[in-house]
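In the UniProt record's numbering, the protein residues as written are 1 to 294.
This is the structure we're talking about:
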(Lines of atoms letter the chains of each structure in order from A and count residues from 1; the text may use other names and numbers.)
(Lines give C-alpha, C1' and ligand atoms only; values in the text may rest on other atoms or scores of the structure.)
Protein backbone atom coordinates (compact mmCIF):
# COMPACT_ATOMS: atom_id res chain seq x y z
CA UNK A 1 0.00 0.00 0.00
CA UNK A 2 1.28 3.47 -0.85
CA UNK A 3 2.28 5.97 1.81
CA UNK A 4 -0.71 8.14 0.94
CA UNK A 5 -3.22 5.33 1.00
CA UNK A 6 -1.91 4.40 4.44
CA UNK A 7 -2.27 8.01 5.59
CA UNK A 8 1.48 8.65 5.88
CA UNK A 9 2.68 11.19 3.34
CA UNK A 10 6.25 10.58 2.35
CA UNK A 11 6.49 7.31 4.22
CA UNK A 12 7.61 5.26 1.25
CA UNK A 13 11.09 3.80 1.83
CA UNK A 14 14.02 5.65 0.38
CA UNK A 15 16.33 3.83 -2.05
CA UNK A 16 18.71 1.73 -0.01
CA UNK A 17 16.46 1.69 3.04
CA UNK A 18 17.65 -0.88 5.52
CA UNK A 19 21.29 -0.36 4.64
CA UNK A 20 22.90 1.46 7.62
CA UNK A 21 25.24 3.36 5.32
CA UNK A 22 22.38 4.42 3.06
CA UNK A 23 20.22 5.41 6.00
CA UNK A 24 22.74 8.00 7.16
CA UNK A 25 23.30 9.53 3.72
CA UNK A 26 21.38 12.63 2.65
CA UNK A 27 20.48 12.97 -1.00
CA UNK A 28 22.14 16.21 -2.20
CA UNK A 29 19.08 16.95 -4.32
CA UNK A 30 16.98 17.00 -1.17
CA UNK A 31 19.11 19.56 0.65
CA UNK A 32 17.02 22.50 -0.44
CA UNK A 33 18.86 25.02 1.73
CA UNK A 34 22.43 24.38 0.55
CA UNK A 35 24.53 27.55 0.58
CA UNK A 36 21.66 29.87 -0.28
CA UNK A 37 23.16 32.78 1.68
CA UNK A 38 26.84 32.11 2.17
CA UNK A 39 26.09 28.78 3.79
CA UNK A 40 24.14 30.35 6.67
CA UNK A 41 20.92 28.58 5.72
CA UNK A 42 22.55 25.25 4.99
CA UNK A 43 20.45 22.37 6.20
CA UNK A 44 18.05 24.42 8.34
CA UNK A 45 15.13 22.36 7.15
CA UNK A 46 16.95 19.11 6.69
CA UNK A 47 19.03 18.87 9.86
CA UNK A 48 16.11 16.67 10.85
CA UNK A 49 16.50 14.61 7.67
CA UNK A 50 15.16 11.41 9.15
CA UNK A 51 12.02 13.11 10.47
CA UNK A 52 11.41 15.91 7.97
CA UNK A 53 9.49 14.02 5.29
CA UNK A 54 7.96 17.23 3.92
CA UNK A 55 11.34 18.94 3.53
CA UNK A 56 12.72 15.96 1.66
CA UNK A 57 9.72 15.81 -0.67
CA UNK A 58 9.94 19.53 -1.48
CA UNK A 59 13.68 19.30 -1.97
CA UNK A 60 13.65 16.47 -4.48
CA UNK A 61 10.56 17.51 -6.47
CA UNK A 62 11.30 18.04 -10.15
CA UNK A 63 9.05 18.19 -13.19
CA UNK A 64 8.96 14.90 -15.11
CA UNK A 65 8.65 14.92 -18.91
CA UNK A 66 9.21 11.26 -19.75
CA UNK A 67 7.07 8.41 -18.42
CA UNK A 68 6.64 4.69 -18.37
CA UNK A 69 3.25 3.47 -19.52
CA UNK A 70 2.71 1.45 -16.32
CA UNK A 71 -0.62 2.24 -14.61
CA UNK A 72 -0.93 3.72 -11.14
CA UNK A 73 -1.64 1.44 -8.21
CA UNK A 74 -5.19 0.62 -7.09
CA UNK A 75 -6.77 3.59 -5.33
CA UNK A 76 -3.67 5.73 -5.82
CA UNK A 77 -5.23 8.34 -8.10
CA UNK A 78 -8.22 8.87 -5.82
CA UNK A 79 -5.94 9.31 -2.80
CA UNK A 80 -3.74 11.81 -4.66
CA UNK A 81 -6.66 13.94 -5.83
CA UNK A 82 -8.27 13.84 -2.39
CA UNK A 83 -5.13 15.24 -0.78
CA UNK A 84 -4.45 17.76 -3.56
CA UNK A 85 -7.84 19.42 -3.08
CA UNK A 86 -7.09 20.12 0.59
CA UNK A 87 -5.50 23.48 -0.20
CA UNK A 88 -6.20 27.03 1.02
CA UNK A 89 -9.30 28.58 -0.53
CA UNK A 90 -10.29 32.23 -0.07
CA UNK A 91 -13.46 32.30 1.98
CA UNK A 92 -13.57 28.54 1.59
CA UNK A 93 -15.02 29.19 -1.87
CA UNK A 94 -13.99 25.73 -3.08
CA UNK A 95 -14.38 26.50 -6.78
CA UNK A 96 -11.76 24.07 -8.10
CA UNK A 97 -12.62 20.86 -9.96
CA UNK A 98 -10.63 18.02 -11.51
CA UNK A 99 -11.31 15.99 -14.64
CA UNK A 100 -8.91 13.05 -14.65
CA UNK A 101 -8.18 11.03 -17.79
CA UNK A 102 -6.91 7.49 -17.41
CA UNK A 103 -5.44 5.34 -20.13
CA UNK A 104 -7.20 1.96 -20.13
CA UNK A 105 -5.10 -1.07 -19.33
CA UNK A 106 -4.69 -3.47 -22.27
CA UNK A 107 -7.07 -6.42 -21.99
CA UNK A 108 -5.53 -9.63 -20.72
CA UNK A 109 -6.44 -12.64 -22.91
CA UNK A 110 -7.86 -15.64 -21.11
CA UNK A 111 -6.06 -18.98 -21.46
CA UNK A 112 -8.95 -20.30 -23.56
CA UNK A 113 -8.83 -17.36 -25.97
CA UNK A 114 -5.73 -16.50 -28.02
CA UNK A 115 -4.74 -12.82 -28.10
CA UNK A 116 -6.26 -10.81 -30.93
CA UNK A 117 -4.20 -8.64 -33.24
CA UNK A 118 -4.75 -4.95 -32.62
CA UNK A 119 -5.72 -4.71 -36.30
CA UNK A 120 -8.47 -7.32 -36.07
CA UNK A 121 -12.11 -6.14 -36.14
CA UNK A 122 -12.79 -7.99 -32.87
CA UNK A 123 -9.96 -6.23 -31.06
CA UNK A 124 -10.97 -2.84 -32.43
CA UNK A 125 -14.61 -3.30 -31.44
CA UNK A 126 -13.78 -4.41 -27.88
CA UNK A 127 -11.09 -1.81 -27.16
CA UNK A 128 -11.97 0.74 -24.50
CA UNK A 129 -11.87 4.42 -25.49
CA UNK A 130 -8.61 6.08 -24.46
CA UNK A 131 -9.36 9.47 -22.88
CA UNK A 132 -5.64 10.31 -22.67
CA UNK A 133 -5.21 9.74 -26.40
CA UNK A 134 -8.30 11.87 -26.98
CA UNK A 135 -6.74 14.76 -25.07
CA UNK A 136 -3.53 14.58 -27.08
CA UNK A 137 -5.51 14.27 -30.30
CA UNK A 138 -7.03 17.68 -29.60
CA UNK A 139 -3.97 19.47 -28.20
CA UNK A 140 -1.11 17.82 -30.12
CA UNK A 141 -2.29 16.29 -33.41
CA UNK A 142 -0.10 13.52 -34.90
CA UNK A 143 1.17 15.81 -37.66
CA UNK A 144 2.87 18.02 -35.04
CA UNK A 145 4.42 15.29 -32.93
CA UNK A 146 7.59 14.73 -34.95
CA UNK A 147 8.94 18.05 -33.64
CA UNK A 148 7.65 17.67 -30.08
CA UNK A 149 10.71 17.60 -27.77
CA UNK A 150 9.15 15.38 -25.08
CA UNK A 151 7.58 12.35 -26.80
CA UNK A 152 7.73 10.36 -23.55
CA UNK A 153 5.20 12.78 -22.05
CA UNK A 154 2.54 11.14 -24.20
CA UNK A 155 3.15 7.84 -22.39
CA UNK A 156 1.89 9.17 -19.04
CA UNK A 157 -1.03 6.92 -18.04
CA UNK A 158 -2.96 9.72 -16.30
CA UNK A 159 -3.72 13.34 -17.11
CA UNK A 160 -5.48 15.52 -14.55
CA UNK A 161 -7.09 18.66 -15.92
CA UNK A 162 -7.87 21.39 -13.39
CA UNK A 163 -10.67 23.93 -13.68
CA UNK A 164 -11.93 26.90 -11.69
CA UNK A 165 -15.32 28.58 -11.59
CA UNK A 166 -14.56 32.26 -10.85
CA UNK A 167 -18.19 32.94 -9.99
CA UNK A 168 -17.81 30.67 -6.95
CA UNK A 169 -15.54 33.29 -5.37
CA UNK A 170 -17.83 36.15 -6.40
CA UNK A 171 -20.85 34.36 -4.92
CA UNK A 172 -19.03 33.56 -1.71
CA UNK A 173 -17.92 37.16 -1.19
CA UNK A 174 -21.41 38.42 -1.91
CA UNK A 175 -22.75 36.69 1.19
CA UNK A 176 -23.42 38.75 4.34
CA UNK A 177 -20.25 37.76 6.21
CA UNK A 178 -18.05 38.88 3.27
CA UNK A 179 -20.17 41.61 1.67
CA UNK A 180 -18.12 44.47 3.15
CA UNK A 181 -15.18 43.41 0.99
CA UNK A 182 -16.97 44.61 -2.13
CA UNK A 183 -15.71 41.55 -3.99
CA UNK A 184 -19.18 40.17 -4.58
CA UNK A 185 -19.96 42.70 -7.31
CA UNK A 186 -18.35 40.63 -10.04
CA UNK A 187 -15.07 39.19 -11.27
CA UNK A 188 -13.79 42.65 -12.20
CA UNK A 189 -14.03 43.74 -8.55
CA UNK A 190 -11.13 41.44 -7.61
CA UNK A 191 -7.77 43.30 -7.89
CA UNK A 192 -6.12 39.88 -7.64
CA UNK A 193 -8.26 37.04 -9.05
CA UNK A 194 -7.96 34.65 -6.15
CA UNK A 195 -9.34 31.71 -8.12
CA UNK A 196 -5.95 31.46 -9.83
CA UNK A 197 -4.12 31.83 -6.51
CA UNK A 198 -6.15 29.08 -4.89
CA UNK A 199 -5.78 26.84 -7.93
CA UNK A 200 -2.01 27.27 -7.76
CA UNK A 201 -2.05 25.93 -4.21
CA UNK A 202 -3.99 22.88 -5.42
CA UNK A 203 -1.48 22.29 -8.21
CA UNK A 204 1.44 22.49 -5.78
CA UNK A 205 -0.28 20.01 -3.49
CA UNK A 206 -0.76 17.69 -6.44
CA UNK A 207 2.90 17.88 -7.46
CA UNK A 208 4.15 17.29 -3.92
CA UNK A 209 1.80 14.40 -3.21
CA UNK A 210 2.88 12.76 -6.48
CA UNK A 211 6.52 13.14 -5.42
CA UNK A 212 5.77 11.66 -2.02
CA UNK A 213 4.30 8.64 -3.79
CA UNK A 214 7.40 8.17 -5.95
CA UNK A 215 5.56 9.28 -9.09
CA UNK A 216 6.52 11.81 -11.72
CA UNK A 217 4.32 14.83 -12.46
CA UNK A 218 4.36 17.74 -14.88
CA UNK A 219 2.12 20.80 -14.89
CA UNK A 220 1.53 22.42 -18.28
CA UNK A 221 -1.02 24.79 -19.79
CA UNK A 222 -3.79 24.29 -22.30
CA UNK A 223 -3.54 27.84 -23.66
CA UNK A 224 -5.37 28.16 -27.00
CA UNK A 225 -6.71 24.60 -26.69
CA UNK A 226 -8.90 25.40 -23.68
CA UNK A 227 -12.20 25.66 -25.62
CA UNK A 228 -11.56 22.42 -27.52
CA UNK A 229 -10.59 20.52 -24.35
CA UNK A 230 -13.61 21.88 -22.48
CA UNK A 231 -15.87 20.67 -25.28
CA UNK A 232 -14.14 17.27 -25.41
CA UNK A 233 -14.59 16.75 -21.67
CA UNK A 234 -18.07 18.23 -21.39
CA UNK A 235 -17.00 20.98 -18.99
CA UNK A 236 -19.98 23.26 -18.19
CA UNK A 237 -20.02 26.94 -19.08
CA UNK A 238 -18.48 29.23 -16.49
CA UNK A 239 -15.44 27.06 -15.79
CA UNK A 240 -11.93 28.11 -16.82
CA UNK A 241 -8.93 25.86 -17.37
CA UNK A 242 -5.99 26.14 -14.99
CA UNK A 243 -3.90 23.55 -16.82
CA UNK A 244 -3.08 19.87 -16.93
CA UNK A 245 -0.91 17.64 -14.76
CA UNK A 246 0.62 14.52 -16.30
CA UNK A 247 1.06 11.75 -13.75
CA UNK A 248 2.80 8.40 -13.82
CA UNK A 249 5.94 6.41 -13.15
CA UNK A 250 9.00 8.35 -14.36
CA UNK A 251 11.19 6.87 -17.07
CA UNK A 252 14.90 6.59 -16.16
CA UNK A 253 15.72 9.95 -17.78
CA UNK A 254 12.32 11.53 -17.19
CA UNK A 255 13.72 14.37 -15.11
CA UNK A 256 16.48 15.46 -17.42
CA UNK A 257 16.97 19.24 -17.70
CA UNK A 258 14.45 21.25 -19.66
CA UNK A 259 15.46 23.95 -22.12
CA UNK A 260 13.81 26.52 -19.86
CA UNK A 261 16.09 25.67 -16.93
CA UNK A 262 19.19 26.38 -18.99
CA UNK A 263 17.84 29.39 -20.88
CA UNK A 264 16.70 31.16 -17.71
CA UNK A 265 20.19 31.14 -16.20
CA UNK A 266 19.11 29.24 -13.13
CA UNK A 267 17.39 30.06 -9.87
CA UNK A 268 18.37 33.45 -8.34
CA UNK A 269 20.20 33.47 -5.03
CA UNK A 270 17.89 33.70 -2.03
CA UNK A 271 19.24 37.17 -1.20
CA UNK A 272 17.88 38.45 -4.53
CA UNK A 273 14.36 37.24 -3.81
CA UNK A 274 14.03 37.69 -0.05
CA UNK A 275 13.68 41.23 1.35
CA UNK A 276 13.54 41.51 5.13
CA UNK A 277 11.49 44.27 6.81
CA UNK A 278 11.56 46.43 3.64
CA UNK A 279 12.44 46.11 -0.03
CA UNK A 280 16.20 46.21 -0.17
CA UNK A 281 18.35 47.39 -3.09
CA UNK A 282 19.30 44.77 -5.64
CA UNK A 283 21.99 42.50 -4.29
CA UNK A 284 24.78 41.59 -6.66
CA UNK A 285 25.03 37.88 -6.09
CA UNK A 286 25.94 35.05 -8.41
CA UNK A 287 23.00 33.20 -9.91
CA UNK A 288 22.66 29.63 -8.76
CA UNK A 289 23.55 27.18 -11.51
CA UNK A 290 20.54 25.63 -13.25
CA UNK A 291 19.04 22.77 -11.31
CA UNK A 292 18.49 19.43 -12.97
CA UNK A 293 14.91 20.33 -13.83
CA UNK A 294 12.07 22.49 -12.73
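Beta carbons are placed, not taken as given, at the ideal position from N, Cα and C, and that holds for glycine.
{"Check": "What would DSSP say about residue 318, mapped onto helix, strand or coil?", "Outcome": "Lying before the first or after the last residue shown, residue 318 is absent from the chain, which here runs from 1 to 294."}
{"Check": "From residue 170 to residue 183, what does the alpha carbon distance come to, in whole angstroms?", "Outcome": "6 Å"}
{"Check": "Let me make sure I understand the geometry here. Which of 57, 92, 71, 55 has the alpha-carbon closest to that of residue 248?", "Outcome": "71"}
{"Check": "Count the other C-beta atoms from every protein chain shown that fall within 10 angstroms of the C-beta of residue 229, then say buried if there are 16 or more, exposed otherwise.", "Outcome": "buried"}
{"Check": "Are the beta-carbon atoms belonging to residue 192 and residue 102 less than 7 Å from one another?", "Outcome": "no"}
{"Check": "Using only the alpha-carbon positions, how far apart do residue 269 and residue 279 sit?", "Outcome": "16 Å"}
{"Check": "Assign residue 218 to one of two classes, buried (16 or more other C-beta atoms within 10 Å of its C-beta) or exposed (fewer than that).", "Outcome": "buried"}
{"Check": "From the DSSP output, in three-state form, read off residue 54 for me.", "Outcome": "helix"}
{"Check": "Taking DSSP as the reference, what is the three-state secondary structure of residue 98?", "Outcome": "strand"}
{"Check": "Between the Cα of residue 197 and the Cα atoms of 106, 133, 152, 92, which residue gives the shortest distance?", "Outcome": "92"}
{"Check": "Could you give the residue range of the alpha helix (DSSP H) that holds residue 138?", "Outcome": "131–139"}
{"Check": "Go through its chain and collect everything with a Cβ distance to residue 138's Cβ below 8 Å, but skip five positions before and after it.", "Outcome": "225, 228, 229, 232"}
{"Check": "Where residue 86 and residue 179 are concerned, what is the direct C-alpha to C-alpha distance, given to the nearest angstrom?", "Outcome": "25 Å"}
{"Check": "Are three or more beta carbon pairs between the segment 130–137 and the segment 50–64 nearer than 8 Å?", "Outcome": "no"}
{"Check": "Let me check understanding here. Comparing Cα to Cα, which of 162, 267, 188, 245 lies closest to residue 210?", "Outcome": "245"}
{"Check": "Less than 7 Å between the C-beta atoms of residue 67 and residue 156, yes or no?", "Outcome": "yes"}
{"Check": "Name the residue from 54, 83, 53, 65 whose alpha carbon lies nearest to the alpha carbon of residue 216.", "Outcome": "65"}
{"Check": "Can you grab the Cα-Cα spacing for the pair residue 154 / residue 177, in whole Å?", "Outcome": "46 Å"}
{"Check": "Tell whether a beta-carbon distance below 7 Å holds between residue 162 and residue 242.", "Outcome": "yes"}
{"Check": "Considering residue 218, what are the terminal residues of the beta strand (DSSP E) in which it resides?", "Outcome": "216–220"}
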